[in-house]
Amino acid sequence: RKEVEQDPGPFNVPEGATVAFNCTYSNSASQSFFWYRQDCRKEPKLLMSVYSSGNEDGRFTAQLNRASQYISLLIRDSKLSDSATYLCVVDTGRRALTFGSGTRLQVQP
Amino acid sequence: NAGVTQTPKFRVLKTGQSMTLLCAQDMNHEYMYWYRQDPGMGLRLIHYSVGEGTTAKGEVPDGYNVSRLKKQNFLLGLESAAPSQTSVYFCASSYAFGQRGADTQYFGPGTRLTVL
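These protein sequence lines are chains A and B, in that order.
Read in order, the letters of the first sequence are residues 53 to 161 in this note's numbering.
Read in order, the letters of the second sequence are residues 13 to 128 in this note's numbering.
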């Protein structure tokens, strides 16, 4: 089983739609959780950190469910500029991070 | 501030050749990391460093060596390149690990390496 699993997508949604991604992780000892965004042929950049049961940043909401070991990302009112790959990232418990393979989002006009 | 820079941006090697990738950061970060990213796969950690003079193995360390002689630089070496090492290599740095607000990893633009 992979340490971090994501649905690869692609998710094709119209502008203004709400879209949600899920991610599951296998290490119950993980303490730090993140969502990174990666544009095509670019480096990953931090979108949000998820430290508690959930947090919100504008149109983006991240939720953490420790009991079921999954993290979600909700994007409201999707913009064309949200088109990217979203990486779920979890700490391994050994001062390192494990990255999921990513979920690709394509927002269409 | 330049953030995290990587050189070179592109490189083509023949099997058996050696090369060194350089990562530099100007944010005074303690932690530095080398990842590789292959199509359809997430980033995989090759080696990392928790401070000047220290290095540790990540998930896929075989065929690579690293050095952190200066806090701002982290070098990744391929002693004898193989086609399986064709990949995009990303360097990253962070101020800390596991500390809220201080553990964001900042990435360099990547090095695209092809081994023929």
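Built from N, CA and C at the ideal position, the CB exists for glycine as well.
Per DSSP, A/GLN160 is one residue of the beta strand (DSSP E) stretching across 155-160. For the 8 angstroms CB-CB criterion, B/TYR60 and B/GLY70 form a contact. For A/PRO66, the closest C-alpha among the options A/ARG128, A/TYR138, A/ARG89 and A/PRO96 is that of A/ARG128. In this structure A/GLN160 is exposed. Its beta-carbon is surrounded by fewer than 16 other beta-carbon atoms within 10 angstroms. DSSP, reduced to helix, strand and coil, places A/ASP143 within a strand of the structure shown. Between A/PHE112 and A/SER101, the gap from beta carbon to beta carbon reaches 8 angstroms or more.
Contacts between A/PHE151 and chain B, judged by CB atoms closer than 8 angstroms, involve TYR47, GLY54, LEU55 and ARG56 in chain order. Beta-bridge annotation (DSSP): A/GLU57 is paired with A/THR76.
Inclusion of A/GLY152 and A/CYS92 in the CB contact set at 8 angstroms is not warranted, their separation being larger than that value.
The beta-carbon of A/ASP109 is placed no less than 8 angstroms from the nearest beta-carbon of chain B.
The DSSP-derived three-state label of B/SER96 is helix.
Distance from the Cα of B/ASN77 is smallest, within the candidate group B/TYR47, B/GLY52 and B/GLY54, for B/TYR47.
At a cut-off of 8 angstroms between beta-carbon atoms, A/GLN83 makes contact with chain B.
Counting the other Cβ atoms within 10 Å of the Cβ of A/LEU132 gives fewer than 16, which makes it exposed. Put simply, the backbone Cα of B/THR123 is about 11 angstroms away from that of B/VAL24. Residue burial is scored here from C-beta neighbours: B/SER92 has fewer than 16 other C-beta atoms within 10 angstroms and is therefore classed as exposed.
Closest in alpha carbon position to A/VAL56, among A/LEU157, A/ALA148 and A/CYS140, is A/CYS140. Taking C-beta atoms under 8 angstroms as the contact rule, B/SER79 and B/THR67 qualify, at a distance of about 7 angstroms.
Secondary-structure assignment with DSSP links B/LEU25 through a beta bridge to B/VAL127.
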